[in-house]
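Undergrad:
Structure follows, in C-alpha cells:
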C-alpha cells in the first residue's frame with residue numbers, strides 16, 4: 180500500500196457541530212420569531228453562493244432574513260448563528276491533535292462553510308494550530324460533494340489519491356472521495372476512526 184502523506188478532514192459532524200445546519204437554523208429562527216418556511220424557501224440558493232464565497236454574510240442575510248423590516252439587527256442575528264458552533268459531543272478533536280503532534284503526515288481541512296462562519300470556527304476552536312492548509316468551499320468556490328473540490332486539493336498538494344485519507348460524516352461526500360481513489364472514512368465515533376486510521380498505518384490512539 181502506498182504510504183499516506185496527507186489527511187483531509189471535514190469539520191462539521193467530525194470535530195464541531197454543523198453549526199448552521201437545519202437544526203441550528205431552527206433554534207435561531209425560533210429565537211428571533213422568523214417564519215421557518217419563509218426562511219427555508221430562500222436559504223438554499225443564497226447558501227450555495229455564500230458557502231462558495233460568492234456573496235458576503237450581509238448579502239446572505241439580506242436575501243434570507245432581512246428582505247423585510249425586522250425588530251433586530253443583522254449583527255444580533257449573526258451572533259446567534261455563531262453560537263450554534265460548538266465542540267461535537269463525540270468529537271474527533273483528540274485524534275486530530277494526536278496525529279498533528281506526530282508530524283508524520285500533512286493535515287488539511289476540506290469542508291463546506293461560508294467565509295465568516297469558517298473564519299470564526301477556525302479562530303474560536305484553534306483549528307489553525309492543527310491544519311497545514313484549508314480547502315474550505317468559501318476559499319475555493321466549489322463545494323462537496325462535487326468532484327471539483329477533491330480534485331483541486333489533489334492538484335494543489337500534488338498528491339496521488341491513494342496517498343490521501345479523507346474523513347467526513349456524510350455518506351455522499353465519502354462516496355465521492357472514494358470514487359477518485361482517495362481512502363475515504365465515514366466518521367461515526369472516535370474509536371471507529373482510530374481503528375480505520377490504524378488500518379491505513381496512522382497511529383492515532385487517544386491515551
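In this note's numbering, the protein residues as written are 180 to 386.
Think of the CB as a built atom: it goes at the ideal place given N, C-alpha and C, for glycine as much as any other residue.
#1: Residue 296 and residue 188 - do their beta-carbons sit closer together than 8 Å?
#2: What residue range is occupied by the uninterrupted beta strand (DSSP E) comprising residue 315?
#3: Closest by CA to residue 388, which one among 357, 327, 203 and 228?
#4: Check residue 285 in the structure and name its three-state DSSP category.
#5: Apart from the five residues just before and just after residue 383, which ones in its own chain have a Cβ nearer than 6 Å to its Cβ?
#6: Counting only runs that start and end within the segment 235 to 268, where is the beta strand (DSSP E) found for 3 or more residues in a row?
#7: If we count the other Cβ atoms within 10 Å of its Cβ and call it buried at 16 or more, is residue 362 buried or exposed?
#8: Between residue 224 and residue 215, is the Cβ-Cβ spacing less than 8 Å?
#9: Cα-Cα, which of 332, 324 and 312 is closest to residue 291?
#10: So for residue 347, helix, strand or coil by DSSP?
#11: Round the Cβ separation of residue 232 and residue 317 to the nearest angstrom and send it over; I've been treating them as touching at under 8 Å.
#12: Based on the DSSP secondary-structure assignment, which residues constitute the bridge partners of residue 186?
#13: When you compare only the Cα positions, how much space is there between residue 212 and residue 242?
#14: Would you kindly report the start and end of the unbroken beta strand (DSSP E) that includes residue 363?
#15: Restricting to Cα atoms, I'd like to know which of 258, 341, 360 and 351 is closest to residue 184.
#16: Tell whether a beta-carbon distance below 8 Å holds between residue 288 and residue 190.
#17: Just list the residues that DSSP pairs residue 331 with in beta bridges.
TA: So, from the data block:
#1: no
#2: 312 to 315
#3: Residue 388 is absent from the model: the chain starts at 180 and stops at 386.
#4: strand
#5: 274, 277, 278, 373 and 376
#6: none
#7: buried
#8: no
#9: 324
#10: strand
#11: 4 Å
#12: 286 and 344
#13: Rounded to the nearest angstrom, the two C-alpha atoms are 17 Å apart.
#14: 362 to 365
#15: 341
#16: yes
#17: Paired residue(s): none; residue 331 is not in a bridge.
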